[in-house]
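>
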Amino acid sequence: MAAVGNLLTPPLRGFLEIDPKTLDVGRLGFPPGDPQARARLADVVQSFATGFNTALGADPASLDFTALPHDLRGFAFEGAAMGVALVDLATFSGGRRVRLLAEGPGARYIHLIHVGVGWAYARTHLHPWTGIRFGRPLLRWLVWDGWGFHQAFFKSRRVLVRHWVERPARGNMRTIRDQGVGRALWFYAGGDPAGVAETIGAFPAARRSDVWAGIGLAAAYTGALSPERLGELLDRAAGFEEHIAQGAAFAAKAHVVSLEVPERSAAAIETLTGAAPAVAAAWTDEAAVTAERCGGGPEGYEVWRARVRQAWRKHNEG
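All residue numbers for the sequence shown refer to this note's numbering, where the first residue is 2 and numbers rise by one.
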């Protein structure tokens, strides 16, 4: 297969490349947030941009981000997935490059690959699954999570303040999309528990649990806050602890699959779920078995999340 770099002319590649400065949260008008968390999240955003820009000029089967610290590689693969998905969509290749990435160097970051593809759909205003199908049916719905993150990150006031939902994301997709919105809110609020709680409190009541699930996922995967500050987050999320735990369990699974669970993320997972990362990750595996019996639709994804919450309740009651 020809390398991606052979398919994009230098001017086109230059047009698509992301200037890391455009992702600066200060330029985007995000609140100050927690200073330590903000610094960590800035590294995450820059790693995403590195992955995206690198993928535009490389064969996806040969991408290598080992030069980055291991706790930032997943974000680089997320960015890379967005980049190769854009090329796949532009060349009508049916997702060939995404599959090369997912089955090759990105295999240990498969959850992030799906989320990154969601960025590409949101950026091109295309409805998943236009032109790209890959991976396990259950994981495919994470693309809508990536869609929600993209929209809330780049259209923060519209999504996080005015609570707008795109037409394609309504119905069964909205709950999955809102988990992605919650992940973006973590960046928007800079990991500040008070800011997170205030923003979610203004959402329609029926949507808050999904947004809190995204907060749990982002807080656990980034490891941006200390356990003490995460305790404050849990206090402010009273009534939504199981949804935070579900998101954190998803983060645990993503880290366990990568074979490297960063110390800060491990501490966050234990704080938010009350379980070690391997235990929380196992909840998602067990829940997936039941969910996949429900078919490949969004209903199965919701069963997956519900079963993880059930496992968390059983663990804490026991």
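Note that beta-carbon positions come from the ideal geometry of N, C-alpha and C, so glycine has one too.
Check whether the Cβ atoms of Leu64 and Ala81 sit closer than 7 Å, and answer yes or no.
As a working mapping, residue 64 is identified with position 63 in the sequence shown. As a working mapping, residue 81 is identified with position 80 in the sequence shown. Taking 7 Å as the Cβ cut-off, Leu64 and Ala81 qualify as a contacting pair.
> Check the C-beta distance from Ile111 over to Val258 and give it rounded, since I have them as a contact under 8 Å.
One-based indexing of the sequence shown puts residue 111 at position 110. One-based indexing of the sequence shown puts residue 258 at position 257. That pair is a contact at about 7 Å.
> Can you tell me whether Lys156 is helix, strand or coil according to DSSP?
What you label residue 156 is simply residue 155 of the sequence shown in a count that begins at 1. Coil at Lys156, not helix or strand.
> Identify, in the order they occur along the chain, each residue of the same chain with its Cβ nearer than 6 Å to the Cβ of Asp211, setting aside the five sequence neighbours on each side.
As a working note, residue 211 is residue 210 in the sequence shown. Hits under 6 Å: Thr176, Asp179 and Gln180.
> Straight-line CA distance for Gln47 to Asn54?
For the purposes of this step, residue 47 is identified with residue 46 of the sequence shown, where counting begins at 1. For the purposes of this step, residue 54 is identified with residue 53 of the sequence shown, where counting begins at 1. The straight-line gap from Cα to Cα measures roughly 11 Å.
> Would you verify that the beta carbon of Phe135 is, or is not, closer than 7 Å to some beta carbon of chain D?
Looking for chain D here will not work: only one protein chain is present.
> Use the C-beta contact count for Val5: other C-beta atoms within 10 angstroms, 16 or more gives buried, fewer gives exposed.
Working through the sequence shown from its first residue, we reach residue 5 at position 4. Because Val5 carries a pLDDT of 44, less than 50, the predicted location of this residue cannot be relied on, and no value is offered for it.
> Can you give me the C-alpha to C-alpha distance between Val116 and Arg237, rounded to a whole angstrom?
On the sequence shown, position 115 is the one that residue 116 refers to. On the sequence shown, position 236 is the one that residue 237 refers to. About 27 Å.
> Pop quiz: Ile245 and Leu235 are said to be a contact at Cβ under 8 Å. What is the actual Cβ separation, rounded to whole angstroms?
On the sequence shown, residue 245 is found 244 positions in, with the first residue counted as 1. On the sequence shown, residue 235 is found 234 positions in, with the first residue counted as 1. At roughly 7 Å, the Cβ-Cβ gap stays under 8 Å, so Ile245 and Leu235 are in contact.
> Give a yes or no on whether the C-beta atoms belonging to Thr200 and Leu161 are separated by under 7 Å.
The residue labelled residue 200 in the question sits at position 199 within the sequence shown. The residue labelled residue 161 in the question sits at position 160 within the sequence shown. In this structure, Leu161 lies closer than 7 Å to Thr200 by Cβ.
> Consult DSSP for Trp313 and reduce its assignment to one of helix, strand or coil.
Looking up residue 313 in the sequence shown gives position 312. Of the three classes helix, strand and coil, the one that applies to Trp313 here is helix, per DSSP.
> Answer yes or no: do Leu101 and Pro61 have a C-beta to C-beta separation smaller than 7 Å?
For the purposes of this step, residue 101 is identified with residue 100 of the sequence shown, where counting begins at 1. For the purposes of this step, residue 61 is identified with residue 60 of the sequence shown, where counting begins at 1. Yes, these two residues count as a Cβ contact at 7 Å.
> So Pro228 is in the alpha helix (DSSP H); what residue range does that whole segment cover?
Your numbering for residue 228 matches position 227 in the sequence shown. Looking at the DSSP string, the run of the alpha helix (DSSP H) that includes Pro228 is Pro228 to Arg237.
> Does DSSP put Ser94 in a helix, a strand or coil?
As a working note, residue 94 is residue 93 in the sequence shown. In the structure shown, Ser94 sits in coil (DSSP, three-state: anything other than H, G, I, E or B).
> Work out the CA separation of Glu243 and Thr272 for me, nearest whole Å.
Taking the first residue of the sequence shown as position 1, residue 272 is located at position 271. Taking the first residue of the sequence shown as position 1, residue 243 is located at position 242. Distance between the alpha carbons of Thr272 and Glu243: 12 Å.
> Rounding to the nearest angstrom, what Cα-Cα distance links Thr285 and Gly75 in this structure?
Numbered from 1 along the sequence shown, position 284 holds the residue referred to as residue 285. Numbered from 1 along the sequence shown, position 74 holds the residue referred to as residue 75. Whole-angstrom Cα-Cα distance: 19 Å.
> Whole angstroms are fine: how far does the CA of Asp35 sit from the CA of Asn317?
Residue numbering aside, residue 317 sits at position 316 when the sequence shown is read from its first letter. Residue numbering aside, residue 35 sits at position 34 when the sequence shown is read from its first letter. Those two C-alpha atoms are separated by around 29 Å.
> According to DSSP, simplified to helix, strand and coil, what is Glu167?
Here residue 167 refers to the residue found at position 166 of the sequence shown. If DSSP states are grouped into helix, strand and coil, Glu167 belongs with coil.
> Report all residues from its chain with a CB closer than 7 Å to the CB of His164; omit the five preceding and five following residues, and keep chain order.
Start at 1 with the first residue of the sequence shown, and residue 164 comes out as number 163. Cβ within range, chain order: Phe204 and Pro205.
> Can you tell me where the alpha helix (DSSP H) with Val262 in it begins and where it stops?
Start at 1 with the first residue of the sequence shown, and residue 262 comes out as number 261. Unbroken run through Val262: none, as it is neither H nor E.
> Using three-state DSSP, classify Met2 as helix, strand or coil.
Along the sequence shown, read from residue 1 onward, the residue named residue 2 stands at position 1. Its pLDDT being 38, under 50, Met2 is placed unreliably by the model, and the measurement read from it follows with that caveat. DSSP places Met2 in coil when its eight states are reduced to three.
> In angstroms, rounded to a whole number, what distance separates the CA positions of Thr131 and Pro299?
Taking the first residue of the sequence shown as position 1, residue 131 is located at position 130. Taking the first residue of the sequence shown as position 1, residue 299 is located at position 298. So the alpha carbons of these two residues sit roughly 17 Å apart.
> Which class does Gly80 belong to by DSSP, given the choice of helix, strand or coil?
Numbered from its first residue, the sequence shown carries residue 80 at position 79. Correct three-state label for Gly80: helix.
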